[in-house]
Amino acid sequence: MPVRIVVPVKAVPDLVEEIELTPDETDIDREFLKFVLNEWDAQALEEALLVKDATGAEVVVVGLHEDPDIDQALYTAIAKGADSAVKISGGEGSTRTSDRAAVFAGYLSAEPADLVLTGVQAADDLDGQLPPMLAAHLGLPHVSVVVGVQANGNAVTIRQEFAGGRSHELEVSLPAVVGVQAARQAPRYAPISRIRQAMQAGGLREVDASPGTTGPSLTVRRMYRPEAAGHAEMLTGNADEVAAKIADLLRGRGLMKG
Amino acid sequence: MLADKLVAAGIPVTRVVFQDIGPVGKAIFYAAATVSIAVFCWGMWLRIRKYRRGRPAGRWPTVRQALAGRSRAGSAGGIGRPDTATIGTLASNKTIGRGDRALGIAHFFIFWGFIVAFAATVILTIDVDIVRNLSRLIVGHEDSFFHGPFFLVYTFTVDTMGFAFLLSLIYMALRRGVRRPWRLGYARAHQPEAGYSRKRLVAGDWVFLGLLLAILVTAYLLTGLRILTQGMPWFTLFTPFGRLVAEMFAAFGMSPAGAVTAHTIMWWIHASLALTFVAYIPFSKAMHMLLDMANLLATDRGTTPNLPAPVPAQGQAGYQQLSDFTWKELLDLDACTKCGRCHEVCPARTAGAPLSPRDLILDLRQWADASSGGHTLLDREQRPDRTGPLAVGAGTRIAGDVVAERTLWSCTTCMHCVEVCPVGIEHVPTIVQLRRSLVDEGTMDPTLQTALQNLATQGNSFGKSARMRARWVKGLDFQIPDARKEPVKYLWFVGDFASFDDRLQENSRALARILTAGGVDFGLLYDGERNAGNDVRRVGEEGLFEMLAEHNIETLREAQFEEIFTTDPHSLNTLRNEYPERGASYKVWHYTELLAHLLETGAIQVRPLGYKVTYHDPCYLARYNGVTEAPRRVLRALGCELVEMPRNGVNTFCCGAGGGRIWMDDSYLAERPSENRIAEAAALNVSQFIVACPKDVTMYSDAAKTTGHDGTLAVRDITLLVAEAMAHPAEPLAAQVTA
Chain A
5 MPVRIVVPVK AVPDLVEEIE LTPDETDIDR EFLKFVLNEW DAQALEEALL VKDATGAEVV
65 VVGLHEDPDI DQALYTAIAK GADSAVKISG GEGSTRTSDR AAVFAGYLSA EPADLVLTGV
125 QAADDLDGQL PPMLAAHLGL PHVSVVVGVQ ANGNAVTIRQ EFAGGRSHEL EVSLPAVVGV
185 QAARQAPRYA PISRIRQAMQ AGGLREVDAS PGTTGPSLTV RRMYRPEAAG HAEMLTGNAD
245 EVAAKIADLL RGRGLMKG
Chain B
2 MLADKLVAAG IPVTRVVFQD IGPVGKAIFY AAATVSIAVF CWGMWLRIRK YRRGRPAGRW
62 PTVRQALAGR SRAGSAGGIG RPDTATIGTL ASNKTIGRGD RALGIAHFFI FWGFIVAFAA
122 TVILTIDVDI VRNLSRLIVG HEDSFFHGPF FLVYTFTVDT MGFAFLLSLI YMALRRGVRR
182 PWRLGYARAH QPEAGYSRKR LVAGDWVFLG LLLAILVTAY LLTGLRILTQ GMPWFTLFTP
242 FGRLVAEMFA AFGMSPAGAV TAHTIMWWIH ASLALTFVAY IPFSKAMHML LDMANLLATD
302 RGTTPNLPAP VPAQGQAGYQ QLSDFTWKEL LDLDACTKCG RCHEVCPART AGAPLSPRDL
362 ILDLRQWADA SSGGHTLLDR EQRPDRTGPL AVGAGTRIAG DVVAERTLWS CTTCMHCVEV
422 CPVGIEHVPT IVQLRRSLVD EGTMDPTLQT ALQNLATQGN SFGKSARMRA RWVKGLDFQI
482 PDARKEPVKY LWFVGDFASF DDRLQENSRA LARILTAGGV DFGLLYDGER NAGNDVRRVG
542 EEGLFEMLAE HNIETLREAQ FEEIFTTDPH SLNTLRNEYP ERGASYKVWH YTELLAHLLE
602 TGAIQVRPLG YKVTYHDPCY LARYNGVTEA PRRVLRALGC ELVEMPRNGV NTFCCGAGGG
662 RIWMDDSYLA ERPSENRIAE AAALNVSQFI VACPKDVTMY SDAAKTTGHD GTLAVRDITL
722 LVAEAMAHPA EPLAAQVTA
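So the protein sequences, as listed, match chains A and B.
Under our numbering, residues 5 to 262 are what the first sequence spells out, in order.
Under our numbering, residues 2 to 740 are what the second sequence spells out, in order.
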């Protein structure tokens, strides 16, 4: 039975903002952006809270000190029901996933977890590298693209999702690292008054973690603005004509038979 | 002179109290009366004890003012519609006659008839039990004032008022039993799975009405018999209807001697009925006679435009137990007479949603009653599965179990229930308090949750970047001043919809052009503006409302302006009524008020349009803030013929978007309120449906499409009419100078 669940989280730019590149075009300009909790981390937190609801496990949310607006995300997690939140410093503020994994691993070596639940990916880590890297650092088993975690004795039963709606169930012995794609239910709402209460109570624990060793990593040479790929084609005509055109399109792409 | 005549006639001008009852009978009567009054007092104490469990409501100043005959002006100020009632409101029964004159008159005579009957009994008690006994003790012989001219005035008043009382009761019984107005039907809006029965509610109504009728009928039979036993002396003509009954008995051949026994029997029947009734009052619908007077004196409709704060307890938001309600809210529950006015006008109920304000109040009443001991004999609903109001005990959620979640979420906070309630029940604040519980536990529509999260991160419900708020000004060929940087006369608080909705941005630009052409000095807060929080607050997300309000108030403080105007009636409401106590007290106008002023002063020149239009009053403008004339003045100035919908002004019908409903799923409704409204307008044979609220443009454009009226009924913001009328040069001044 997991008694201590750690949820490493990340603040990412709110994608509704107009994102601009830095003058040297190797990164996005983060200065005036609003940061929000990575949506997959919100799913991981929800799944952790569901396990807590079922078993009474302790849920600790962990963020990096250098992430902008991370306090807001951590207090929100407390308002939702996390037992405590930790802010790790010592990571030099690198946004590279490998560096972040090393910092989280450093913290987890000092304060080990029975179960690590984190977002399978992030808007700026679509490869989903954090969970496997973290597992590698800690030498723990790892499962990603998970859509359900249920406590099951000294192991967890995990539902992993594949393309085309297929999924399978695994049993993973603890401790383990899990990359969550989606929680069993939509992330719960944290009322602002509860977030404010959490803020007033303070209670973010600052921890200095010495990062583990990082392997070789990549350097960004240049970033590109997204290019408009194709344009929408408006179908005109009456309902029957439009329906016929849609059917033709679907047939043409092999999505419909007959 | 009259008195002289009477004395000369040698007949004692009075009637014998306790005629032929005897000392034993008298003793029995006094014992029964004591029991009856004791039961009444005990029942009232049970109720008062329940209200005392409630939180303070801060209404004693309201009650004192009402008793002094002073009402408090409406929240909007200077709109002539007071927020509170007075003792005069009670005396005139004004609220009951509203919309149904005959009913008002009938109730007026029942109300005053009862008071006269009660006063008559008190007078008799003073004479028989106090004056006669005291005089025997003090001066040695029995003295009485119950004779002569006093008796004549007394008997004439009681007899005629009693007869009006009786006729009114008969009218009420016919209305309820034969005419059966739809709104007196008790079918629930929310259907419990295992069914329900409200037969006992109906029984309670009839027992109340029946008891009163029986008491009155026996009173006249008794009076008739008594006059007969007296031998019908001439002064009994001062008891005209009693005398009439006596004449009838005589016509049927009853002799004065024969009337004696009948009189004694009738006396006991009448006395038993009256004493039963007194004891029955606190346990039945009859309690409304006392409680509704108290409720009206304490009522304050201002609590809907300016909602009360949440329960100030730690670690809790919203209502979870009886003691979370204020005493006024608990009194509200008992005050309901099931008149059904709110049930009839409620847009949620009309749309087929599981909410009826009447049912909500009755459910909460039954639950409150049961959880504090259970005092109502008949007036309660029965359910085989003991759900809803019957669910009592630990773990019962008021919001969720007693009142279903969807029922609470169905409220559009249109305030029509509060508006029409004749007894001063404040439904909306109670609904919001219960919604606060739901928000606190995170139980809500996913779409609402997304909207609230967007509001928390970016300050608008559209989920767009806060920096994009004033992007709509880009289509203008002039600059609107930034009120944070330069002083302006008016600050335009634009609101979310007029800022972010693609379909509405052109309206905002049109208004900017009109105001500029009219020489109005105005500016914006640009990206400093956030959603004003009106609907956030009504959803029950108090913390988020506070956060938005704090941000806006800080921005307003940094800006330089004299007065505010808004495009959005919802923003107007919270800015006008809820921001002042949070530190932002400004004069707040609606843009239609500004337009009316510009048109009437000639600051903008228009040609008459000559359209035949109808106008939809936004709830938050008309009912909440009393602004009904300004848009009509604009239409007049534009030379439009206004054809009113049956539901207009403060009786307007909601579009269905208020109270956060615009962020929630409405697919479960049988007919959207907006569609119901478009159908109302379509029957008028007008070409344009004019609105004065950005949300209305989207709500009614959609409804016109889904009902197939979009080809014949154009939904337009009043701004566009003004813009159209200005687009053509005005007639030369000389041509207008006639007569």
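Even for Gly, the Cβ is constructed at its ideal location relative to N, Cα and C.
Quantities reported herein were computed from a predicted structural model and do not represent experimental measurements.
Supposed contact pair residue j and residue i - C-beta distance, whole angstroms, cut 8 Å
i: residue 634/B; j: residue 597/B; result: 4 Å
i: residue 527/B; j: residue 471/B; result: 4 Å
i: residue 631/B; j: residue 600/B; result: Not a contact, Cβ separation roughly 10 Å.
i: residue 185/A; j: residue 165/A; result: 6 Å
i: residue 378/B; j: residue 285/B; result: 6 Å
i: residue 504/B; j: residue 698/B; result: 7 Å
i: residue 13/B; j: residue 148/B; result: 6 Å
Per-residue burial, residue i [other beta carbons within 10 Å of its own, 16 or more giving buried]
i: residue 142/B; result: exposed
i: residue 87/B; result: buried
i: residue 26/A; result: exposed
i: residue 166/B; result: buried
i: residue 183/A; result: buried
i: residue 642/B; result: exposed
i: residue 57/A; result: exposed
i: residue 289/B; result: buried
i: residue 459/B; result: buried
i: residue 701/B; result: buried
i: residue 250/A; result: exposed
i: residue 255/A; result: exposed
i: residue 156/B; result: buried
i: residue 50/B; result: exposed
Where residue i falls: helix, strand or coil (DSSP)
i: residue 174/A; result: strand
i: residue 565/B; result: strand
i: residue 95/B; result: helix
i: residue 212/A; result: strand
i: residue 335/B; result: helix
i: residue 18/A; result: coil
i: residue 377/B; result: coil
i: residue 504/B; result: coil
i: residue 200/B; result: helix
i: residue 736/B; result: Any reading at residue 736/B must be qualified, since the residue scores a pLDDT of 42, below 50, and its modelled position is unreliable; no value is offered.
i: residue 38/A; result: coil
i: residue 77/B; result: With a pLDDT of 49 at residue 77/B, under the threshold of 50, the modelled position of that residue is not reliable, and no figure is offered here.
i: residue 483/B; result: strand
i: residue 258/A; result: coil
i: residue 319/B; result: coil
Spatial distance of residue i from residue j (CA atoms)
i: residue 560/B; j: residue 519/B; result: 23 Å
i: residue 18/B; j: residue 129/B; result: 8 Å
i: residue 108/A; j: residue 538/B; result: 40 Å
i: residue 343/B; j: residue 200/A; result: 37 Å
i: residue 31/A; j: residue 195/A; result: 34 Å
i: residue 582/B; j: residue 60/B; result: 18 Å
i: residue 566/B; j: residue 204/A; result: 35 Å
i: residue 111/A; j: residue 214/A; result: 7 Å
i: residue 652/B; j: residue 622/B; result: 12 Å
i: residue 109/B; j: residue 82/B; result: 22 Å
i: residue 384/B; j: residue 402/B; result: 14 Å
Any 3 or more C-beta pairs closer than 8 Å across the region 156 to 173 of chain A and the region 61 to 72 of chain A
No contact exists between the region 156 to 173 of chain A and the region 61 to 72 of chain A.
Just checking, does the region 175 to 182 of chain A make contact with the region 108 to 124 of chain A on the three C-beta pairs under 8 Å criterion?
Taking 8 Å as the limit for Cβ pairs, the verdict is that the region 108 to 124 of chain A does touch the region 175 to 182 of chain A.
Could you tell me whether the region 472 to 483 of chain B touches the region 434 to 450 of chain B, where touching means 3 or more Cβ pairs closer than 8 Å?
The region 472 to 483 of chain B makes no contact with the region 434 to 450 of chain B, as fewer than three CB pairs between them are under 8 Å.
Could you tell me whether the region 357 to 372 of chain B touches the region 386 to 399 of chain B, where touching means 3 or more Cβ pairs closer than 8 Å?
Short answer: they touch.
Does the region 653 to 672 of chain B come close enough to the region 414 to 432 of chain B that 3 or more CB-CB pairs lie under 8 Å?
Inter-segment contact for the region 414 to 432 of chain B and the region 653 to 672 of chain B is present: three or more beta-carbon pairs are separated by less than 8 Å.
Determine, using beta-carbon pairs with one atom in the region 714 to 721 of chain B and one in the region 504 to 520 of chain B, whether at least three such pairs fall under 8 Å.
Taking 8 Å as the limit for Cβ pairs, the verdict is that the region 504 to 520 of chain B does touch the region 714 to 721 of chain B.
Stretch pair the region 348 to 362 of chain B + the region 407 to 422 of chain B: three plus CB contacts closer than 8 Å
Yes, they touch.
On the three-pair Cβ rule with 8 Å, is the region 164 to 179 of chain B touching the region 205 to 218 of chain B?
Remark: three or more beta-carbon pairs, one from each stretch, lie closer than 8 Å, so the region 164 to 179 of chain B and the region 205 to 218 of chain B are flagged as touching.
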